[in-house]
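Right, one structure below, let's go through it.
Protein chains in written order, with my numbering: chain A, 1 to 514; chain B, 1001 to 1236.
Given below as structure tokens:
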């Protein structure tokens, strides 16, 4: 047993016995009503599963035949004694005739009663199955005719709502967040008119409580209204007018709400989409501004730097005293350092702009490494270069290779610890015609956590202190090497302490002048 | 560099500080130097006298280095070295390939710039056709544009490769010593070794010969050097 909405104990639908009870029960929800309707169409049957038709036929026959038979029986009982040979057969014939007539009349009555019922049943079943057929045609003004008429009306409305639902779904499917809020509002307004047959419709994206309810005036177009929500958040209100002749029921309002909720979700998506688009555009703008700033700063640094370097060089070459002046040497070194930094920044802007270009030349890599080491001017760090690929030449862009070597050697000095020792091994990979340069230091090495993001932009090792270096060296080096057909990686942590980076470059075997 | 007279260099740059110091540096090394602050001034100086080489900045007001270089090249094959701040505008640098002999980026090291200038001056007197040089049915060189047409396909040459071919083409069918090629292809500061020439020749054959193992145009004079020959036989 369940409790119905009004609190009365509710019996299961199967237990309902008569349509009268169902009809008299105005309470209960639609499902309940449906259940009762099914119950009313299926009579008591005395526990037997007889069809309504058989039951009705049997009832009528019983109703027609039993009184005749009882009457005949009484008469026969009374008259048989009289031994009236005329009356008795007549009586018997009369009784039998009456009984037969009763059966026949019952059959005709049942047929005329159940035929329209069957038609109604079939029609209802078709509607239930979603394939409504033509309206049922039953003449007259009796209960069956009214039943048929209300069925026809329900079927027509169900068909109309199904049509509305289909139109609604296809309209919703057409909404794309890229359309933008305004276009979506316009589309939804026109769809609402088309789907629900509204005279006019309007979506106001305002607080729904600020839009006054329209008054219903008999004879005038009927106002409809629903809130537009995205989930629970009210976005606005959809209002419009129906022709005065149109009915508007709860189911219609439900359909309109379904539509307006979907519109609400689409509007919210469009709004978010628009916001993301704007943010993306802004980010692209900022990124371009960043690149342009970086480019112009580094470019503008080059002009004064050029003069500084030229004058220092000239001063240092002016006299033996000047050449040995430590102060001038420091200015020279620092100007060089700044130059390398500016080059690196410019390389980053080229990589970012996708215009990095390599001009490959043949280069003896061992001497190039030594020159790069001299250029970075590290003091207090021992340097060991082992060249096992003599005669081999690397194929690389000389300027770009220098940038890579500066960055890697600079790192090995920076992270090499207080008793720095930098070891470089140049070797060849004869099978693949490649050259390999491994640069190893004896510092603390690279933390396991840092290994993954080591080659990302602005990535600094934990040991680098605050803000030392640009965090661009390894990123730029790897990009440059890749542009030259090479590669750069960090060797796995071995038994020895320190970090070891290996760079690969295409190589040329030693030539012999032939 | 065997000529007794001073070689003349015109330096064009919009930074007066740089003009002063660079002119002094070059004069200290025995060059006769004139300067100009922009392209128009440079063209006026050219009317008065014709230098052996021009060092030009790329970004200048009024007329930029590229426009100036084009105007000069339209009149004569005057060697031009671009001395400019590196820019992201790589495409501009690429356009320079056709007009400039070399490119030195700012801030420069003077010894490097001087080495490049000397290398360019070494080839003064080398004359090759301004347009294309047909070496055979399947090889045409266009060294001013740093490319070769091999069996109908265009092949890009590196600056060094085109300098080497330039030296060989100026002495067509004659052996050019490895040492000479080394001096033409690389500047002194690059510390190039003979193997640079050997390997570069091998790479060049891969580019311009139909069968690199049996070259017909770029031949070895064993122990001496190389020669570039004109021949109608595409293969040997």
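Cβ atoms here follow ideal geometry from the backbone N, Cα and C, with glycine treated the same way.
- In this structure residue 190 of chain A is exposed. Its beta-carbon is surrounded by fewer than 16 other beta-carbon atoms within 10 angstroms.
- Residue pairing by DSSP places residue 1226 of chain B opposite B/1176 and B/1220 in a beta bridge.
- If you look at residue 114 of chain A, you'll find it in the alpha helix (DSSP H) that goes 87-128.
- Contact residues of the segment 1142-1161 of chain B toward chain A are 1158, 1159 and 1160 (C-beta to C-beta distance below 8 Å).
- Shown in chain order are the members of the segment 1101-1122 of chain B whose Cβ falls below 9 Å from a Cβ of chain A: 1105, 1106, 1107, 1108, 1109, 1110 and 1111.
- Any Cβ of chain A closer than 9 Å to the Cβ of residue 1022 of chain B would place that residue at the interface, and such an atom is present.
- A distance below 6 Å between beta-carbons, with the five flanking residues on each side excluded, links residue 257 of chain A to the following residues of its chain, in chain order: 226.
- Around residue 1098 of chain B, no beta-carbon contact reaches into chain A at under 8 Å, the shortest distance being about 15 Å.
- By the C-beta density criterion, residue 1215 of chain B is buried, having at least 16 other C-beta atoms within 10 angstroms.
- In this structure, DSSP gives residue 1138 of chain B a state outside helix and strand, which the three-state scheme calls coil.
- Within its own chain, the residues whose Cβ lies closer than 7 Å to the Cβ of residue 1114 of chain B, once the five positions on either side in sequence are excluded, are 1029, listed in chain order.
- Using a CB distance below 7 Å, the part of the segment 299-320 of chain A facing chain B consists of 299, 302, 303, 305, 306, 307, 309, 310, 311, 313 and 314, ordered along the chain.
- Residue pairing by DSSP places residue 506 of chain A opposite A/434 in a beta bridge.
- When the Cα atoms are used, residue 186 of chain A and residue 172 of chain A turn out to be separated by approximately 13 Å.
- Setting aside the 5 residues that flank it on each side, residue 273 of chain A is surrounded in the same chain by 177 and 178, each with a C-beta closer than 7 Å to its C-beta; the list follows chain order.
- At the C-beta level, residue 347 of chain A and residue 437 of chain A stay beyond 9 Å of one another.
- It is roughly 58 Å from the alpha-carbon of residue 74 of chain A to the alpha-carbon of residue 158 of chain A.
- Residue 374 of chain A is outside the set of residues whose beta carbon lies under 9 Å from a beta carbon in chain B.
- Proximity of residue 1085 of chain B to chain A, defined by a Cβ-Cβ separation below 9 Å, is satisfied.
- For the segment 1008-1020 of chain B, the residues whose beta carbon sits under 7 Å from a beta carbon of chain A are, in order, 1015, 1017 and 1018.
- Counting of Cβ neighbours within 10 angstroms places residue 411 of chain A among the buried residues, the total reaching 16 or more.
- Residues of the same chain with a CB within less than 7 Å of the CB of residue 370 of chain A, apart from the 5 flanking positions on each side, are 385 in chain order.
- Here residue 1083 of chain B is bridged, per DSSP, to B/1104.
- Residue 511 of chain A reaches chain B at 1195, 1198, 1199 and 1202, counting residues in chain order whose Cβ is nearer than 7 Å.
- When the beta-carbon positions are compared, residue 199 of chain A and residue 242 of chain A come within less than 9 Å of each other.
- No Cβ of chain A is located within less than 9 Å of the beta carbon of residue 1071 of chain B.
- Nearest CB-CB separation between residue 1038 of chain B and chain A: not below the 9 Å threshold.
- The shortest C-alpha to C-alpha distance from residue 492 of chain A to any of A/88, A/502 and A/374 is the one to A/502.
- The alpha-carbon of residue 106 of chain A is positioned some 12 Å away from that of residue 114 of chain A.
- Cβ proximity to chain B below 8 Å picks out nothing from the segment 492-506 of chain A.
- In the structure shown, residue 492 of chain A adopts coil according to DSSP, grouped into three states.
- Using a Cβ-Cβ cut-off of 9 Å, residue 362 of chain A counts as an interface residue toward chain B, since at least one Cβ of chain B sits closer than that to its own.
- Runs of the beta strand (DSSP E) lying entirely within the segment 379-446 of chain A, each at least 3 residues long, are 382-387, 393-396, 421-429 and 434-440 in chain order.
- Among the CB atoms of chain A, none fall inside 9 Å of the CB of residue 1131 of chain B.
- Counting only residues of its own chain and dropping the five nearest sequence neighbours on each side, residue 1033 of chain B has a CB closer than 7 Å to the CB of 1009, 1011, 1023, 1026 and 1027.
- For residue 133 of chain A, there is no enclosing beta strand (DSSP E), as DSSP marks it with neither H nor E.
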